[in-house]
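Residue 660 is where the sequence shown ends in my numbering, and the numbering goes up by one at each step.
All residues carry an ideal CB built from backbone N, CA and C; glycine is no exception.
Every value quoted in this text rests on a predicted model; they were computed, and no experiment measured them.
Down below is the structure, laid out as C-alpha cells.
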Amino acid sequence: MKHGVGYVFLRIIIWKIRLSPRKVALFLASIFGKLAFRFLRKDRKIALKNLEIAFPDKSLEEREKLARETFRQSAMNLFDAMRTRKNVLSEPPIWEIEGAEYFEKFHEDYGGGVVITGHIGCFELIPGIWKRLGYKIAVVGRRLYDERVDRLLIKQRESMGIVNVPSDANPRVIARLIREGYFVGFLMDTFTESVDGIQSRFFGRETRTISGPIALARLMGRPVLPMAIYRREKYGFLLKVLPPMEINKTADKNADIADGVLRANAILEKMILDRPDQWIWYHDRFRDVKSPFA
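Written out as C-alpha cells, the structure is:
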C-alpha cells in the first residue's frame, strides 16, 4: 500500500470486523470471497492451473468448483485472522485439538522445537492456541510488503505473548529460542526466493521449497512437529497435530536436508488434501516449473 488512504481503509475494515458479531463477519467474508473469485482473474487462473497439477483426473467443472470454494474459505480465514485474539480466547473454545499427545510428548522430550505447517485454514490461530495453553511460542514470518501492515500483524501476535521473528533473522536467534523451550512455527508451503531453499517434489513437480526449518532441526538434533488447522462446520476449528518427523543426521548434510524437505512436502500434501478447499491454490507455487503441463 503506497498511499495512506489504503492503509486507513484497511484499519477501518479490521476495526469493523473485530466489532461485528463473528457470524456477521463471516457472512460478509463469504460474499467477499465469491466476488474475489469472479473478479480476480489472474489469481483465478493460477488457482485453476495449480488444481490441474494436483488433480489431473478432476474435470474442469470440478476444479472450478473447488477453486471457487477456496476463495470463499480464504476470505473467511482472513476475516477470522483479523479476530485472532477473540477467537483464541473465546469461551467456550471454538477450537479442538486432535493429536495433542504428540505435542505434549515432544515438549516433555525436547522442551521446544520446530513446528511446520502451511497456509491451510486459519493458520494464524495456531500459535495463539498453544500460547493460551501455556507454552512458549514464536513464529517466523516474512516481512510484509507494507511496513505498517507488518507492524499491525506483529502487534496482534505480541499482544498474545507470541514472539515474532522475521524470516531474515540470524538462525542463531531461532536456535536460542528453541533451547529456551520455545516452539517455533514455520510456513513451508509457498514459493519464495528470500530465504534458503532447494528444489524438491511437491504435488509431483520439482519446485523450490523452503529448507531452513529442516536444516535447523537437523542442526539441533530434533524432529520437526507438523500440524494444520481446519475450519469446521458451525464456525469451529480443528487443530490437527501429526506425529513428529525425524530428521537424518549423517555425514552428508545436503542429502539429509534434501530428504527431510521431500518428506516434509509429502506431509504438507497430505494435510492439504485432507481439506483441499482450505489451501491457497491461487498462490503461484510452481512459478519456477518451466512446463507445468508437459
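For residue i: DSSP bridge partner residues
{"i": "Gly372", "result": "BP columns for Gly372 are empty, so no partner."}
{"i": "Asn530", "result": "Val505"}
{"i": "Ala594", "result": "Lys606"}
{"i": "Leu553", "result": "Thr483"}
{"i": "Trp645", "result": "Ile486"}
{"i": "Met611", "result": "Val590"}
Residue from the options whose Cα sits closest to the Cα of residue i
{"i": "Ile495", "options": "Ser577, Ala624, Ile576 and Asn453", "result": "Asn453"}
{"i": "Ile379", "options": "Ala447, Lys636, Ala541 and Phe568", "result": "Ala447"}
{"i": "Arg434", "options": "Ile463, Ala402, Glu462 and Leu455", "result": "Ala402"}
{"i": "His649", "options": "Arg407, Arg377, Gly372 and Arg384", "result": "Arg407"}
{"i": "Arg588", "options": "Ala621, Ala541 and Val607", "result": "Ala541"}
{"i": "Ala504", "options": "Ala535, Asp512 and Asp640", "result": "Ala535"}
{"i": "Arg449", "options": "Met526, Arg651 and Glu428", "result": "Met526"}
{"i": "Ile646", "options": "Glu612, Arg538 and Cys488", "result": "Cys488"}
{"i": "Pro610", "options": "Gly370, Ile412, Val480 and Asp409", "result": "Val480"}
{"i": "Ile576", "options": "Ala583, Arg584 and Ile564", "result": "Ile564"}
{"i": "Leu455", "options": "Ile482, Ile492 and Ile486", "result": "Ile492"}
{"i": "Arg508", "options": "Arg651, Thr558 and Arg538", "result": "Thr558"}
{"i": "Ile524", "options": "Lys600, Gly484, Arg498 and Val561", "result": "The sequence shown places Glu at residue 524, not Ile. When each option's Cα is compared against that of Glu524, the closest is Arg498."}
{"i": "Met637", "options": "Gly626, Ile383, Pro592 and Ile623", "result": "Pro592"}
{"i": "Met554", "options": "Ile383, Pro642, Gly626 and Phe472", "result": "Gly626"}
{"i": "Gly500", "options": "Ile528, Phe445 and Tyr511", "result": "Ile528"}
{"i": "Phe472", "options": "Glu428, Leu392, Tyr548 and Arg384", "result": "Tyr548"}
{"i": "Ala617", "options": "Lys521, Tyr511 and Arg584", "result": "Arg584"}
Local Cβ density within 10 Å of residue i, reported as buried at 16 or more and exposed below that
{"i": "Arg574", "result": "buried"}
{"i": "Pro458", "result": "exposed"}
{"i": "Val506", "result": "buried"}
{"i": "Glu474", "result": "exposed"}
{"i": "Val390", "result": "exposed"}
{"i": "Phe659", "result": "Note that Phe659 has pLDDT 36, beneath the 50 cutoff, so the model's placement of it is unreliable and the number below is only indicative. Exposed is the call here."}
{"i": "Gly478", "result": "buried"}
{"i": "Arg404", "result": "exposed"}
{"i": "Asn443", "result": "buried"}
{"i": "Arg410", "result": "buried"}
{"i": "Ser657", "result": "Unreliable positioning characterises Ser657 in this predicted model, as indicated by a pLDDT of 44, which lies under 50. A coordinate reading is not provided."}
{"i": "Ser566", "result": "buried"}
{"i": "Pro532", "result": "exposed"}
{"i": "Asn416", "result": "buried"}
{"i": "Ala621", "result": "exposed"}
{"i": "Lys502", "result": "buried"}
{"i": "Gly484", "result": "buried"}
Segment limits, beta strand (DSSP E) that includes residue i
{"i": "Glu427", "result": "No beta strand (DSSP E) holds Glu427; the alpha helix (DSSP H) holding it covers Leu426 to Ala447."}
{"i": "Gln565", "result": "Gly563 to Phe568"}
{"i": "Arg464", "result": "In the sequence on display, residue 464 carries Glu and not Arg. Per DSSP, Glu464 belongs to the beta strand (DSSP E) from Trp461 to Glu464."}
{"i": "Thr572", "result": "First, the residue type needs correcting, since residue 572 is Glu and not Thr in the sequence shown. Per DSSP, Glu572 belongs to the beta strand (DSSP E) from Arg571 to Ile576."}
Segment limits, alpha helix (DSSP H) that includes residue i
{"i": "Leu639", "result": "Lys619 to Asp640"}
{"i": "Thr450", "result": "Thr450 to Leu455"}
{"i": "Arg404", "result": "Arg388 to Phe405"}
{"i": "Leu543", "result": "Pro537 to Arg545"}
{"i": "Leu499", "result": "First-last for Leu499: undefined, no H or E at that position."}
{"i": "Asp516", "result": "Glu513 to Glu524"}
Check: residue i C-beta below 7 angstroms from any heavy atom of the ligand GDP
{"i": "Ile482", "result": "The model on display carries no ligand, and the ligand GDP is accordingly not part of it."}
Contact between the stretch 391–408 and the stretch 426–438 (3+ Cβ pairs under 8 angstroms): yes
Under 8 angstroms, with one C-beta from each stretch per pair, do the stretch 415–428 and the stretch 611–630 reach the 3-pair mark? no
Three CB pairs or more closer than 8 angstroms across the stretch 562–573 and the stretch 506–520: no
Stretch-stretch touch, CB-based, cutoff 8 angstroms, three pairs: the stretch 593–606 with the stretch 461–471: yes
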